[in-house]
Amino acid sequence: MLTIAAGIAACSKNDNPAPEPAPDHFRPATDTSSEFISAVYAYMPAPGQFVNSSMTGDSAGAQRLIGGFSGLLSLGGFGGYVIVGFDHSIENKSGNDLGIYGNPLVNAGQEWSEPGIVKVMQDLNGNGIPDDDAWYELKGSEYDKPETIKNYRITYYNPKNLTDDIIWKDNQGQTGVVLRNMFHAQSYYPAWTPNQDSMSFEGTKLKNTLEQVNDPVYGPGLITNKPFEKGYADNCSPVFLQIRDEEGRGYNAFDISAAVDKQGQPVALPYIDFVKIYTGQNCNGDPGTDPDTPNRMLGEVSTEVSGAVDLHIRK
Numbered sequence: 033m034l035t036i037a038a039g040i041a042a043c044s045k046n047d048n049p050a051p052e053p054a055p056d057h058f059r060p061a062t063d064t065s066s067e068f069i070s071a072v073y074a075y076m077p078a079p080g081q082f083v084n085s086s087m088t089g090d091s092a093g094a095q096r097l098i099g100g101f102s103g104l105l106s107l108g109g110f111g112g113y114v115i116v117g118f119d120h121s122i123e124n125k126s127g128n129d130l131g132i133y134g135n136p137l138v139n140a141g142q143e144w145s146e147p148g149i150v151k152v153m154q155d156l157n158g159n160g161i162p163d164d165d166a167w168y169e170l171k172g173s174e175y176d177k178p179e180t181i182k183n184y185r186i187t188y189y190n191p192k193n194l195t196d197d198i199i200w201k202d203n204q205g206q207t208g209v210v211l212r213n214m215f216h217a218q219s220y221y222p223a224w225t226p227n228q229d230s231m232s233f234e235g236t237k238l239k240n241t242l243e244q245v246n247d248p249v250y251g252p253g254l255i256t257n258k259p260f261e262k263g264y265a266d267n268c269s270p271v272f273l274q275i276r277d278e279e280g281r282g283y284n285a286f287d288i289s290a291a292v293d294k295q296g297q298p299v300a301l302p303y304i305d306f307v308k309i310y311t312g313q314n315c316n317g318d319p320g321t322d323p324d325t326p327n328r329m330l331g332e333v334s335t336e337v338s339g340a341v342d343l344h345i346r347k
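In this note's numbering, the protein residues as written are 33 to 347.
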């Protein structure tokens, strides 16, 4: 044993070279940097009632996320996403680093959240586009809950008939439909996706929080979609409500230090360059149990995004 140990100790440093440092393409913010989104790299909603609608479910609507928070982009059903970036890297500093504006509703007799999961990426190859294949999920309050399903995969099928609901199947052995409603007569299947037969998405699926409650204002039968504690977009979390009360417009706040890899292990990211937001629930706004008489008033639960902001240079 002593001989072996001595031999190992005598090895040249070149026998065990240090790993190459990760490439660093950090882009610092300057005095002229925008606090808001500067580019939309991809918009691929899952089927939904606002998809193919002008300004809320098309490429023009996606571009409205740039430069502020006046847009309103629907991501459709589970998995539908948008990928955005800034004109600089967002640093991982103490506290929250990123804010995402959405459209959650909390008023008297009204509670409606449509939580979206957030992933981040560094531009490790320095080419300015999100192609490094290293997305990290920002761990929210539900990440470790037993009801949360990792690696959930769903496939939607284009019915090719405007009067038909959109059928889906998942990798949990379940099937269902995205319900059409009377308010949106256009096709719910994205017209620009290359595959006009089916489309698939994969990610972390959150439990459904849809409830029918007895409300003191509206009485029995009010439909709500409850929020989660923290870590999701378009979500009426306590932090969102606090910011809304203080500033008049709320946003969901995120700490880059919450990043985890595909195995759920923490990842130390000094900065990020790209942000992906996708719908985290697979749910119609229908609390009924009779498939022959579905409630078609509310449509699917679909995360909505109005903008995003670097909290460190927010003016």
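In this text, a Cβ means the ideal position worked out from N, Cα and C, and glycines have one as well.
Please read these numbers as outputs of a predicted model, since none were measured by experiment.
Euclidean distance between Cα positions of residue i and residue j
i    : j    : result
D318 : I198 : 15 Å
F286 : N124 : 10 Å
L242 : I255 : 7 Å
N327 : N183 : 29 Å
Q274 : A61  : 27 Å
F233 : P77  : 10 Å
N257 : N139 : 13 Å
A290 : D342 : 16 Å
Q244 : G320 : 9 Å
S65  : V116 : 16 Å
V353 : N227 : Residue numbering for the chain in the displayed model covers 33 to 347; residue 353 lies beyond these limits and cannot be assessed.
A217 : P191 : 14 Å
E279 : H120 : 25 Å
S70  : N128 : 20 Å
Q95  : N84  : 14 Å
A340 : L301 : 19 Å
T88  : E67  : 23 Å
S219 : P147 : 24 Å
Q202 : R346 : In the sequence as displayed, the identity of residue 202 is Asp instead of Gln. Taking the straight line from one Cα to the other gives about 40 Å.
Reference residue i, options the options, closest by Cα
i    : options                : result
D229 : K182, Y189, Y303, N246 : Y189
S338 : S106, D56, G80         : S106
D155 : M231, D342, A217, D305 : D305
D165 : P178, K151, Y175, D176 : K151
S86  : D277, V72, G103        : G103
P79  : W167, N213, K347, F68  : N213
S145 : D293, S269, T325, D324 : S269
E169 : I149, D176, G109       : I149
CB-CB length for residue i against residue j, believed under 8 Å
i    : j    : result
F272 : S173 : Contact doesn't hold; Cβ gap of about 13 Å is too wide.
Beta-carbon gap between residue i and residue j smaller than 8 Å
i    : j    : result
L130 : V299 : no
C315 : E336 : no
I122 : Y303 : yes
I132 : I309 : yes
L238 : Q295 : no
T236 : T180 : yes
N267 : P162 : no
G112 : T311 : yes
S334 : F82  : yes
Length at least 3, wholly inside the stretch 231 to 303: the beta strand (DSSP E) runs in chain order:
Taking 3 residues as the minimum length, the beta strand (DSSP E) runs contained wholly in the stretch 231 to 303 are 242 to 247, 251 to 257, 284 to 286, in order along the chain.
May I have a chain-ordered list of the alpha helix (DSSP H) segments no shorter than 4 residues that lie completely inside the stretch 50 to 117?
Within the stretch 50 to 117, the complete alpha helix (DSSP H) runs of at least 4 residues are 91 to 95.
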